[in-house]
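See structure below.
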Amino acid sequence: RYYRHGGRYVLPTQLWFLLNRRRLWSEVEKKAEAGLVLADFVPDRELVFARAVMEDFERSVFSDLFAELFGGFRRPDAVVFLSADADVLMERIASRNVAFEGRITRRYLDLLSDAFHNHFLSAEGLPVLVVNTNDYNIVSDPASVLDIYSQLLRCPAEVQYYTPPRMES
């Protein structure tokens, strides 16, 4: 519904994701007590979506609820930010052939890409490894996760860019 009708479904959609991510992050926090955990999201990504797609009042309500649910959440030790151009993302979305994703527009992807870049590149004191995935698709090459992990181990306490070797088709 969100991609088809937008506006009126923004807040309920983001609230669903927020509650879902809170449950998932609780599991991450439990596992983190026992050692290293790799997660495919960070809680503040929901704030990035909210800032990008919500009107002021909705964003305010969402931010307040986020603060209640995630106040004092364990911050990740580092973030891997998989980045790709909108054209590449559009191709990947098309190849997945998931019905509701077919409604995602390039404009929407550009909006989110800008929002995520601004958020993660301005995060103070958080190591961020920005991986250019234009020619590197971890879905088609799961072993590439080890390459990214090895880069992450060398990531300083700041933003670092990594362009992996070009994948052969």
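Just so we're aligned, residue 922 is where the sequence shown starts under our numbering, counting upward by one.
Built from N, CA and C at the ideal position, the CB exists for glycine as well.
Here the C-alpha atom of Glu967 lies approximately 26 angstroms from the C-alpha atom of Leu1074. For Leu1050, no alpha helix (DSSP H) segment is defined; the enclosing uninterrupted segment is the beta strand (DSSP E) at 1049-1053.
Boundaries of the beta strand (DSSP E) around Phe1002: 1000-1004.
Val982 is not a Cβ neighbour of Val1049, given a cutoff of 7 angstroms.
Arg929 sits exposed, since fewer than 16 C-beta atoms from the chains shown fall within 10 Å of its C-beta. Boundaries of the beta strand (DSSP E) harbouring Val1080: 1080-1083, taken from the DSSP string. The way I'd put it, the segment 1034-1042 does touch the segment 1002-1022; three or more beta-carbon pairs between them come closer than 8 angstroms. Taking a cut-off of 8 angstroms on C-beta distances, the segment 962-976 touches the segment 942-953, as three or more cross pairs fall below it. Distance check between Gly992 and each of Leu959, Tyr1082, Trp946 places Trp946 closest, using alpha-carbon atoms only.
Burial check for Pro933: the Cβ neighbour count within 10 Å stays below 16, so the residue is exposed. Around the CB of Tyr1082, fewer than 16 other CB atoms lie within 10 Å, so the residue is classed as exposed. Contact check for Arg980 against Ala973 fails: the beta carbons are separated by 7 angstroms or more.
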